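Residue numbers (the numbering used here): 1 to 261.
C-beta: ideal position from N, C-alpha, C; glycine also.
In this text, all values refer to a predicted model and were calculated from it rather than measured experimentally.
Data block below; observations after.
What follows is the structure in structure tokens.
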């Protein structure tokens with residue numbers, strides 16, 4: 001990992017969990033942004049072709065207001081893409097997901113809608129005088145690789161560390177097989193999925209990762225504490241089986257969303 005481009009950030013969550021991240025540098029953020037721009041450019045081009053095919057090029061040229069309306073609508077769609085994807089996709093646009101980076105609050109929690117909206121509206125300022133020059137200049141001197149939008153919104157962009165996903169999946173699958181039919185055949189409700197934050201996932205995945213190496217006594221001790229945490233957070237959610245069964249079930253419900261393979 002390039003220490004010049006990516007810097008370590010240590011945060012303490014409100015739950016007093018210490019989390020360590022590597023912030024995404026100019027290189028990874030630039031590539032993710034380029035991928036998003038190419039994706040949006042392709043979408044904009046298809047919209048233009050659709051409008052031109054329906055109205056005709058000559059008609060578009062004749063009615064400047066129609067072109068202006070189309071530009072405004074496309075601008076709203078483009079900025080809406082970044083806001084919507086980062087909020088509903090756990091801090092990731094498609095470009096960020098492909099590169100393996102994510103937007104978080106400074107305290108390690110999932111970014112709020114207001115923070116995401118602010119950081120994306122400030123893109124216009126970060127782009128001055130041309131193609132993110134000001135944003136990149138600020139990032140070079142920022143301790144945590146922040147552009148102006150991140151500073152105002154209180155967000156950071158972090159690298160999701162690649163783990164040995166296949167080995168981890170195999171270990172978890174072995175635990176699932178041990179439980180057999182006792183694993184609940186129910187899905188986690190969408191409103192409960194949205195309550196899960198990065199610190200929660202770190203806690204849950206750390207427990208499941210260590211299950212094969214823990215004694216039954218330790219598994220029960222830690223499992224009881226961690227289940228109480230999630231039971232309080234996911235009020236009204238299913239409280240199925242013993243503590244370990246519940247936590248493995250919860251892990252299998254969330255790993256596709258949070259894990260990068």
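Roughly how many angstroms lie between the CA atoms of residue 26 and residue 136, to the nearest whole one?
-> By 1-based counting over the chain shown, the position of residue 26 is 26. By 1-based counting over the chain shown, the position of residue 136 is 136. Whole-angstrom Cα-Cα distance: 7 Å.
Tell me whether residue 215 is buried or exposed, calling it buried when 16 or more other Cβ atoms sit within 10 Å of its Cβ.
-> Within the chain shown, numbered from 1, the residue matching residue 215 stands at position 215. By the neighbour-count rule (16 or more Cβ atoms within 10 Å), residue 215 is not buried but exposed.
Throw me the rounded Cβ distance for the residue 33 and residue 95 pair, which I believe falls under 8 Å.
-> Stepping through the chain shown from its first residue, residue 33 is reached at position 33. Stepping through the chain shown from its first residue, residue 95 is reached at position 95. Their Cβ separation, rounded to whole angstroms, is 6 Å, which keeps residue 33 and residue 95 in contact under 8 Å.
Considering only the beta carbon of each residue, do residue 120 and residue 72 sit closer than 8 Å?
-> The count along the chain shown starts at 1 and reaches residue 120 at position 120. The count along the chain shown starts at 1 and reaches residue 72 at position 72. Result no, Cβ atoms of residue 120 and residue 72 do not sit closer than 8 Å.
Just reading off the alpha helix (DSSP H) that residue 99 is part of, what are its end residues?
-> The residue labelled residue 99 in the question sits at position 99 within the chain shown. From DSSP, the alpha helix (DSSP H) with residue 99 extends over 94-99.
In this structure, does DSSP put residue 196 in helix, strand or coil?
-> Locating residue 196 in the chain shown gives position 196, counting from the first residue. Here residue 196 sits in coil by DSSP.
Near residue 250, which residues of its chain fall below 8 Å by C-beta distance, leaving aside the five closest residues on each side in sequence?
-> For this step, residue 250 is matched to residue 250 along the chain shown. The answer, listed in chain order, is 188, 204 and 230.
Where residue 9 and residue 23 are concerned, what is the direct C-alpha to C-alpha distance, given to the nearest angstrom?
-> Reading the chain shown from its first residue, position 9 is the one you call residue 9. Reading the chain shown from its first residue, position 23 is the one you call residue 23. Cα-Cα distance, rounded: 7 Å.
Can you tell me which of 37, 193 and 253 puts its alpha carbon nearest to the alpha carbon of residue 208?
-> Locating residue 208 in the chain shown gives position 208, where the first residue counts as 1. Among 37, 193 and 253, the Cα nearest to that of residue 208 belongs to 253.
Compare the C-alpha of residue 36 against each of 154, 80 and 139 and name the closest.
-> Looking up residue 36 in the chain shown gives position 36. Selected option, being the one with the closest Cα: 80.
By the 10 Å Cβ neighbour count, where 16 or more other Cβ atoms means buried, how is residue 218 classified, buried or exposed?
-> The count along the chain shown starts at 1 and reaches residue 218 at position 218. Classification for residue 218: exposed.
Hey, could you find the ends of the beta strand (DSSP E) residue 155 is sitting in?
-> Position 155 of the chain shown, counted from the start, is the residue given in the question as residue 155. Residue 155 -> beta strand (DSSP E) spans 155-159.
Cα-Cα, which of 196, 244, 241 and 224 is closest to residue 90?
-> In the chain shown, residue 90 corresponds to position 90, counting from 1. Selected option, being the one with the closest Cα: 196.
Return yes when the Cβ of residue 87 is within less than 8 Å of the Cβ of residue 113, no when it is not.
-> Working through the chain shown from its first residue, we reach residue 113 at position 113. Working through the chain shown from its first residue, we reach residue 87 at position 87. In this structure, residue 87 lies closer than 8 Å to residue 113 by Cβ.
By the 10 Å Cβ neighbour count, where 16 or more other Cβ atoms means buried, how is residue 21 classified, buried or exposed?
-> The residue labelled residue 21 in the question sits at position 21 within the chain shown. Buried: at least 16 other Cβ atoms inside 10 Å.
Nearest CA to the CA of residue 126: which residue from 115, 116, 148 and 109?
-> Looking up residue 126 in the chain shown gives position 126. With distances taken between Cα atoms, residue 126 lies closest to 148.
Cβ pair residue 152, residue 29 closer than 8 Å = Locating residue 152 in the chain shown gives position 152, where the first residue counts as 1. Locating residue 29 in the chain shown gives position 29, where the first residue counts as 1. The answer is no: Cβ separation not under 8 Å.
For residue 223, which of 202, 235, 243 and 177 has the nearest alpha-carbon?
-> Start at 1 with the first residue of the chain shown, and residue 223 comes out as number 223. Closest by alpha carbon: 243.
Beta-carbon proximity list for residue 48, same chain, < 8 Å, skipping 5 on both sides | Reading the chain shown from its first residue, position 48 is the one you call residue 48. Counting only Cβ-Cβ distances below 8 Å, and skipping sequence neighbours, we find 70.
Are the beta-carbon atoms of residue 103 and residue 118 separated by less than 8 Å?
-> As a working note, residue 103 is residue 103 in the chain shown. As a working note, residue 118 is residue 118 in the chain shown. Against a cut-off of 8 Å, the Cβ pair of residue 118 and residue 103 comes out as no contact.
Do you know how far the Cα of residue 191 is from the Cα of residue 201?
-> Start at 1 with the first residue of the chain shown, and residue 201 comes out as number 201. Start at 1 with the first residue of the chain shown, and residue 191 comes out as number 191. Those two C-alpha atoms are separated by around 16 Å.
In the segment 187-234, which residue ranges form an unbroken beta strand (DSSP E) of at least 3 residues, counting only runs that do not cross its ends?
-> none
Can you have a look at residue 163 and say buried or exposed, based on whether 16 or more other CB atoms are within 10 angstroms of its CB?
-> By 1-based counting over the chain shown, the position of residue 163 is 163. Caution applies to residue 163, whose pLDDT of 43 falls short of 50 and renders its modelled position unreliable; the value that the coordinates give is listed next. So residue 163 ends up on the exposed side.
Residues near residue 227 by beta carbon distance below 7 Å, same chain, minus five either side = Taking the first residue of the chain shown as 1, we reach residue 227 at position 227. Once the five neighbours on either side are set aside, the close Cβ partners of residue 227 are 243, 246 and 247.
Taking the alpha carbon of residue 139 as the point to measure from, which residue in 130, 129 and 150 has its own alpha carbon closest?
-> Stepping through the chain shown from its first residue, residue 139 is reached at position 139. Answer by Cα proximity: 150.
Does DSSP classify residue 29 as helix, strand or coil?
-> In the chain shown, counting from the first residue as 1, residue 29 sits at position 29. Residue state, collapsed to three classes: helix.
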